[in-house]
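>
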Amino acid sequence: RMGKTANPVTIKTFLPSDQKVGEMTVAQYLARLASEAVSIINAEDYGRAIYDLALRRALIQIGEDMVNIAYDAPLDMPPQAQIEDTERRLFDLAENGRYDGGFQSFNDAVALAVDMAGAAFERDGHLSGISTGIHSLDSKMGGLQRSDLIVLAGRPGMGKTSLATNIAWNIAASYEPEVQPDGSFKAKNGGVVGFYSLEMSSEQLATRIMSEQTEVSSSKIRRGDITEHEFEKLVGFSQTMQKVPLFIDQTGGISIAQLSARARRLKRQRGLDCLVVDYIQLMTGSGKSGENRVQEITQITTGLKALGKELNVPIIALSQLSRQVESRDD
Numbered sequence: 467r468m469g470k471t472a473n474p475v476t477i478k479t480f481l482p483s484d485q486k487v488g489e490m491t492v493a494q495y496l497a498r499l500a501s502e503a504v505s506i507i508n509a510e511d512y513g514r515a516i517y518d519l520a521l522r523r524a525l526i527q528i529g530e531d532m533v534n535i536a537y538d539a540p541l542d543m544p545p546q547a548q549i550e551d552t553e554r555r556l557f558d559l560a561e562n563g564r565y566d567g568g569f570q571s572f573n574d575a576v577a578l579a580v581d582m583a584g585a586a587f588e589r590d591g592h593l594s595g596i597s598t599g600i601h602s603l604d605s606k607m608g609g610l611q612r613s614d615l616i617v618l619a620g621r622p623g624m625g626k627t628s629l630a631t632n633i634a635w636n637i638a639a640s641y642e643p644e645v646q647p648d649g650s651f652k653a654k655n656g657g658v659v660g661f662y663s664l665e666m667s668s669e670q671l672a673t674r675i676m677s678e679q680t681e682v683s684s685s686k687i688r689r690g691d692i693t694e695h696e697f698e699k700l701v702g703f704s705q706t707m708q709k710v711p712l713f714i715d716q717t718g719g720i721s722i723a724q725l726s727a728r729a730r731r732l733k734r735q736r737g738l739d740c741l742v743v744d745y746i747q748l749m750t751g752s753g754k755s756g757e758n759r760v761q762e763i764t765q766i767t768t769g770l771k772a773l774g775k776e777l778n779v780p781i782i783a784l785s786q787l788s789r790q791v792e793s794r795d796d
């Protein structure tokens with residue numbers, strides 16, 4: 467109540483000096499209390515030691531589960547599925563300090579919602595999600611929301627890839643990081659983009675983006691039939707591209723397990739704010755016998771949605787529609 471620090475010296479002045487506490491004087495008793503009290507000076511080190519030991523126990527549990535399942539795996543569980551599950555658990559442990567899912571209190575969820583609203587207020591355009599760079603689209607969607615799976619579906623030649631490359635470029639080109647208290651980087655605007663180009667090579671995709679951004683025909687670029695002014699535009703744009711955090715994976719026929727593993731690795735090494743998959747029908751399923759293509763596509767789509775939630779990033783997945791949709795009445 468007097469606003470003084472409580473220690474043996476200050477407390478002693480309020481106690482009778484001739485009073486005994488057992489066989490000790492008041493001064494001896496206070497000195498003993500001070501010597502046996504737990505100090506908060508090393509509290510951070512103690513907490514870190516406990517946290518590290520908890521991580522080690524979690525690693526041991528993951529390792530034991532991996533070995534046990536490998537020895538006695540179900541017949542319908544391929545090795546790739548076990549690798550995918552183990553890598554997912556390790557990624558969750560590395561990112562969040564835990565590998566098991568569970569309930570989250572409503573209070574924590576509300577805090578995250580408030581943080582999202584605050585970030586939207588500070589972000590250019592006041593969007594809660596990542597801006598696509600297309601204002602009419604952002605006004606309808608509020609940007610790309612983290613953990614969302616956005617499917618761009620259309621017939622061949624309708625411009626799905628063109629829209630996806632424009633969005634990917636706009637996000638990567640507007641990337642503006644800010645340093646967090648722990649020294650890591652977080653996107654204030656834009657973001658790091660991973661682009662899975664299952665149809666085109668990385669060179670073809672880069673040529674397409676250059677053509678879209680410089681307004682120089684891609685066919686003219688491939689033939690070398692360009693003017694000096696157009697060549698200067700391409701050179702200038704190529705220098706800009708070197709600094710843009712847009713990463714391309716051109717592996718054809720990739721499975722959802724491989725895609726997930728590479729996305730986790732990209733997030734750990736470079737960061738990740740958005741994924742683009744061009745396109746779903748060129749991915750392969752689990753390869754289980756008896757599955758038809760519809761079941762495989764369902765499995766792939768479900769896996770992409772789960773990956774978006776796991777990495778907390780929006781995923782734009784392109785999907786090819788059959789030309790037969792034009793013959794439908796609805």
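Quick note: the sequence shown uses our numbering, first residue 467, plus one each step.
For glycine and all other residues, C-beta sits at the position ideal for the given N, C-alpha and C.
Please work out which residues of its chain come closer than 6 Å, Cβ to Cβ, to alanine 639, disregarding the five sequence neighbours upstream and downstream, and give them in chain order.
Val710, listed in sequence order.
> Look at the Cβ atom of isoleucine 720, then the Cβ atom of isoleucine 616, and state whether they are nearer than 7 Å.
For isoleucine 720 and isoleucine 616, no; Cβs fall outside 7 Å.
> Give the secondary structure of isoleucine 781 by DSSP, where H, G and I count as helix, E and B as strand, and everything else as coil.
DSSP places isoleucine 781 in strand when its eight states are reduced to three.
> Kindly indicate which residue of Arg736, Ala729 and Gly513 has the alpha-carbon position closest to the one of valine 742.
It is Ala729 whose Cα lies nearest to the Cα of valine 742.
> Could you check which residue in Asn632, Val658, Asp518 and Gln527 has the C-alpha nearest to that of threonine 673?
For threonine 673, the nearest C-alpha among the options comes from Asn632.
> Taking the alpha-carbon positions, what's the leucine 521 to lysine 771 distance?
Taking the straight line joining both Cα atoms gives about 27 Å.
> Examine the Cβ distances between the stretch 684-693 and the stretch 599-618 and report whether three or more of them are shorter than 8 Å.
These segments do not touch.
> Using only CA atoms, which one of Asp538, Ile528, Pro540 and Ile535 lies nearest to glutamate 553?
Residue Ile528 is the option with its Cα nearest to glutamate 553.
> Which residues does DSSP pair with alanine 619 in a beta bridge?
Ser785.
> Terminal residues of the continuous beta strand (DSSP E) containing isoleucine 714?
Its beta strand (DSSP E) spans residues 712-715.
> Please report how far the alpha carbon of isoleucine 600 lies from the alpha carbon of proline 544, in whole angstroms.
So the alpha carbons of these two residues sit roughly 42 Å apart.
> For phenylalanine 557, which residues in the same chain have their Cβ closer than 7 Å to its Cβ, ignoring the five residues on either side in sequence?
Counting only Cβ-Cβ distances below 7 Å, and skipping sequence neighbours, we find Arg730.
> Pick out whichever of Val701, Tyr745, Thr767 and Leu725 has its Cα sitting closest to the Cα of valine 682.
For valine 682, the nearest C-alpha among the options comes from Val701.
> Give the DSSP-derived three-state secondary structure of asparagine 758 in the structure shown.
If DSSP states are grouped into helix, strand and coil, asparagine 758 belongs with coil.
> Please return the same chain residues whose Cβ sits closer than 6 Å to the Cβ of threonine 717, not counting the five positions on each side in sequence.
Excluding sequence neighbours, threonine 717 sits near nothing in its chain.
> How many Å lie between leucine 417 and serine 501 at the Cα?
There is simply no residue 417 to check, as the chain begins at 467 and stops at 796 in what is shown.
> Just verifying my parser: in three-state terms, what is the DSSP assignment at tyrosine 537?
Helix.
> Tell me whether the stretch 756-769 and the stretch 656-666 touch, counting them as touching only if at least three CB pairs, one residue from each stretch, are closer than 8 Å.
With a cut-off of 8 Å, the stretch 656-666 and the stretch 756-769 do not count as touching, because too few Cβ pairs lie within range.
> What would DSSP say about proline 643, mapped onto helix, strand or coil?
DSSP places proline 643 in strand when its eight states are reduced to three.
> Could you check which residue in Tyr517, Gly737, Gly751 and Ala497 has the C-alpha nearest to that of glutamine 724?
Checked all of Tyr517, Gly737, Gly751 and Ala497; the closest Cα to glutamine 724 is Gly751.
> To the nearest angstrom, how far is it from the Cα of asparagine 534 to the Cα of glutamine 548?
Those two C-alpha atoms are separated by around 11 Å.
> Helix, strand or coil: how does DSSP classify methionine 543 here?
Looking at methionine 543 - three-state DSSP - the assignment turns out to be coil, as it is neither helix nor strand.
> Taking the continuous alpha helix (DSSP H) assigned at serine 663, which residues delimit it?
Counting along the chain, serine 663 falls outside any alpha helix (DSSP H), though it belongs to the beta strand (DSSP E) covering 659-663.
> Nearest to glutamine 786 by alpha carbon, out of Leu748, Leu712, Gly774 and Leu777?
Measuring from the Cα of glutamine 786, the nearest candidate turns out to be Leu748.
> When you compare each of Arg498, Leu496, Tyr662 and Asn778 to lysine 445 by their alpha carbons, which one comes out closest?
Outside the modelled stretch of the chain, which goes from 467 to 796, sits residue 445, for which no answer is possible.
> Going by DSSP, which residues form a beta bridge with lysine 486?
DSSP output for lysine 486 lists Thr491 as bridge partner(s).
> Output yes if chain B places a C-beta closer than 7 Å to the C-beta of serine 677; else output no.
Given the protein chain composition of this structure (a single chain), no chain B is represented.
> By the DSSP assignment, the beta strand (DSSP E) with valine 743 in it spans what residues?
Unbroken beta strand (DSSP E) run through valine 743: 740-744.
> Between which residues of its own chain and glutamate 642 is the CB-CB distance below 8 Å, once the five residues before and five after are set aside?
Hits under 8 Å: Ala653, Lys654, Asn655 and Gly656.
> Run the CB neighbour count on aspartate 744, radius 10 Å, all protein chains shown included, and call it buried at 16 or more, exposed below.
By the 10 Å Cβ count, aspartate 744 comes out buried.
> What is the C-beta distance between serine 628 and glutamate 678, in whole angstroms, given that I count them as a contact (C-beta under 8 Å)?
Serine 628 to glutamate 678, Cβ: 7 Å. Contact.
> Does DSSP put isoleucine 720 in a helix, a strand or coil?
Isoleucine 720 falls in the coil class under three-state DSSP.
> Please confirm whether leucine 671 and isoleucine 714 have their CB atoms less than 7 Å apart.
Going by C-beta atoms, leucine 671 is nearer than 7 Å to isoleucine 714.
> With distances taken Cα to Cα, identify the nearest neighbour of methionine 582 among Leu593, Phe572 and Glu776.
When only C-alpha atoms are compared, the closest one is Leu593.
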